[in-house]
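Read in order, the letters of the sequence shown are residues -24 to -1, 1 to 101 in mature numbering (1 follows the signal peptide of the UniProt record, and there is no 0). Here's the structure we're looking at; comments come further down.
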Amino acid sequence: MKVNHYAAAVLAITAASFGGQALAESPNAVPEQQFVSAKSRADVQGELAQYKAAGVNPWSMQYNPLRTFQSTASRADVTAAYIASRDEVKAFNGEDSGAVYLAQGVNRSVPATTLAGQADQGNVR
């Protein structure tokens, strides 16, 4: 009998805590503006036909954007640039992912993006 009272109390507490009503807003809580197209239906259909004729579909399994890629740097130039930045590459591939290297403020071959100001404003060390 004591177990039944305990179970009833747990059930009552659970019902009280989770039994409240969920008062969600309707999906149209914010009035929607009527969509006005800048293009005619024929313009959109023409663009679709042009897209299909081009044969480029980035969602296709055969899509290969590098098929027609032509580099402007020679293999020797790329190798020389890598060798010149070998210490930087080693630091960024280390255990701390380059945190110590970046904290030291070493002049990097590729300028980093400054988010909170500009280096010439004095807020970047």
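Cβ coordinates follow ideal geometry from the N, Cα and C atoms, glycine included. The structure displayed is predicted, hence computed values, not measured ones.
- Secondary structure at threonine 48: coil, using DSSP grouped into helix, strand and coil.
- Boundaries of the alpha helix (DSSP H) harbouring glycine 22: 17 to 30, taken from the DSSP string.
- Secondary structure at valine 54: helix, using DSSP grouped into helix, strand and coil.
- When DSSP states are grouped into helix, strand and coil, valine 12 belongs to the coil group.
- Per DSSP, the continuous alpha helix (DSSP H) segment holding tyrosine -19 begins and ends at -23 to -7.
- By the Cβ-count criterion, alanine 67 is buried, with 16 or more other Cβ atoms from all chains shown falling within 10 Å of its own Cβ.
- A distance below 8 Å between beta-carbons, with the five flanking residues on each side excluded, links glutamine 80 to no residue of its chain.
- In the DSSP assignment, tyrosine 39 falls outside any alpha helix (DSSP H), carrying neither H nor E.
- Rounded to the nearest angstrom, the gap between the Cα atoms of threonine 55 and valine 6 is 57 Å.
- In the DSSP annotation of this structure, the continuous segment of the alpha helix (DSSP H) that includes aspartate 63 starts and ends at 62 to 68.
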